[in-house]
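Asker: This is the structure I want to talk about, given as structure tokens.
Residue numbers (my numbering): 5 to 294.
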């Protein structure tokens with residue numbers, strides 16, 4: 005920066021001297037004091053111009069640097085890694101509904117600080133996987149038929165909103181990504197021994213692509229926070245869910261057609277019908293396991 009400033013300054017001073025040497029005779033014949041006064045003004049004006057240009061260049065560089073730092077993606081923190089680890093244990097049933105999660109014992113088991121565990125527990129609470137009660141601590145949320153019903157009612161309304169916005173906002177360049185994501189999830193459903201975990205993850209990938217197209221950060225955050233709790237419901241009802249994969253495949257195919265046709269009413273009807281059916285399956289599975 006200093007080299008840039010000195011170079012510009014020397015060039016400007018040379019230009020100033022050249023301009024002064026070319027002053028018309030009327031100025032050369034004027035009073036020496038008056039001539040020196042105007043020469044000084046010209047030099048000061050050039051210096052001010054240099055300073056303004058220099059600071060403008062610095063400001064541009066700072067804005068570029070700020071933009072680059074905003075684009076930088078910070079990797080998962082330790083607390084997020086702990087939250088993901090505990091979330092998987094809750095979703096797969098290794099941590100039972102109602103089971104307590106103790107900060108001290110978890111920190112000792114994972115060899116991390118209690119502060120990191122505490123932060124992870126707050127994340128799990130936001131994901132609807134645990135409840136934190138004053139003076140009692142954290143425990144895995146209940147997942148009976150009633151709780152599953154409440155969960156799905158809210159989740160399906162968010163999906164309906166996503167489908168409606170998608171009908172309004174998708175563009176031709178979004179089509180490839182949407183069709184690719186749907187094709188991937190339907191491919192995972194083929195065969196008798198379909199992997200439920202892979203299907204659930206692929207389903208959420210479709211949701212993620214849709215969220216990117218819609219571009220509503222608040223809707224994306226709400227749906228993302230529901231993902232672990234919904235995944236947990238799917239895992240606990242995996243056998244019934246596996247038996248219903250044909251219907252799930254048709255749902256994705258028909259919903260894609262409705263969205264590409266920008267048919268908001270049909271999209272809403274498909275999501276509502278599919279959501280009610282899925283809710284019934286999960287309630288049956290939880291009732292039978294109670």
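Backbone N, C-alpha and C fix where the C-beta goes; we use that ideal spot for every residue, glycine too. Predicted model only: the values in this text are computed from it and were never measured.
#1: Once DSSP output is grouped into helix, strand and coil, what is the label at residue 110?
#2: Can you check the stretch 100-174 for any beta strand (DSSP E) of at least 3 residues that lies completely inside it and give the ranges in chain order?
#3: I believe residue 124 touches residue 86 by the beta-carbon criterion, under 8 Å. Please report the beta-carbon distance rounded to the nearest angstrom.
#4: Helix, strand or coil for residue 248, going by three-state DSSP, please let me know.
#5: Alpha carbon to alpha carbon, how far is residue 88 from residue 116? Give it in angstroms, no decimals.
#6: Tell me whether residue 96 sits in a helix, a strand or coil according to DSSP, three-state version.
#7: Quick one: using the 10 Å Cβ neighbour count with 16 as the cut-off for buried, is residue 183 buried or exposed?
#8: Could you check whether the stretch 232-245 touches the stretch 213-221, counting it as contact only if at least three pairs of C-beta atoms, one from each stretch, sit closer than 8 Å?
#9: Would the stretch 273-286 count as touching the stretch 186-197 if we require 3 or more Cβ pairs under 8 Å?
#10: Leaving aside the five residues before and after residue 200 along the sequence, list all residues of the same chain whose C-beta is less than 8 Å from its C-beta, in chain order.
#11: Taking the alpha-carbon of residue 100 as reference, which of 90, 107 and 109 has the nearest alpha-carbon?
#12: Under the rule that 16 or more other beta-carbon atoms within 10 Å means buried, what is residue 132, buried or exposed?
#13: Closest to residue 163 by CA distance: which of 287, 256 and 265 is it?
#14: Who are the near neighbours of residue 207 in its chain, counting only those whose CB is closer than 7 Å to its CB and skipping five residues on each side?
#15: In the DSSP assignment, find the unbroken alpha helix (DSSP H) run with residue 211 in it and report its ends.
#16: Contact check, residue 215 vs residue 264 under 8 Å by CB: the rounded distance?
#17: Taking the alpha carbon of residue 103 as the reference point, which residue from 92, 145 and 179 has its own alpha carbon closest?
#18: Which residue from 211, 196, 118 and 80 puts its Cα closest to that of residue 249?
#19: Once the 5 residues before and after residue 96 are set aside, which same chain residues still bring their CB inside 7 Å of it?
#20: Residues in the same chain with beta-carbon distance under 7 Å from residue 224, minus the five sequence neighbours each way, listed in chain order, please.
#21: Should residue 271 be labelled buried (16 or more other beta-carbon atoms within 10 Å of its own) or exposed?
#22: Please report the distance separating the alpha-carbon of residue 253 from that of residue 139.
Answerer: According to the structure data:
#1: helix
#2: 134-137 and 141-144
#3: 4 Å
#4: coil
#5: 15 Å
#6: coil
#7: exposed
#8: no
#9: no
#10: 238, 239, 242, 245 and 246
#11: 90
#12: buried
#13: 256
#14: 189
#15: 200-218
#16: Not really, about 17 Å apart at Cβ, beyond 8 Å.
#17: 145
#18: 196
#19: 239
#20: 215
#21: buried
#22: 46 Å
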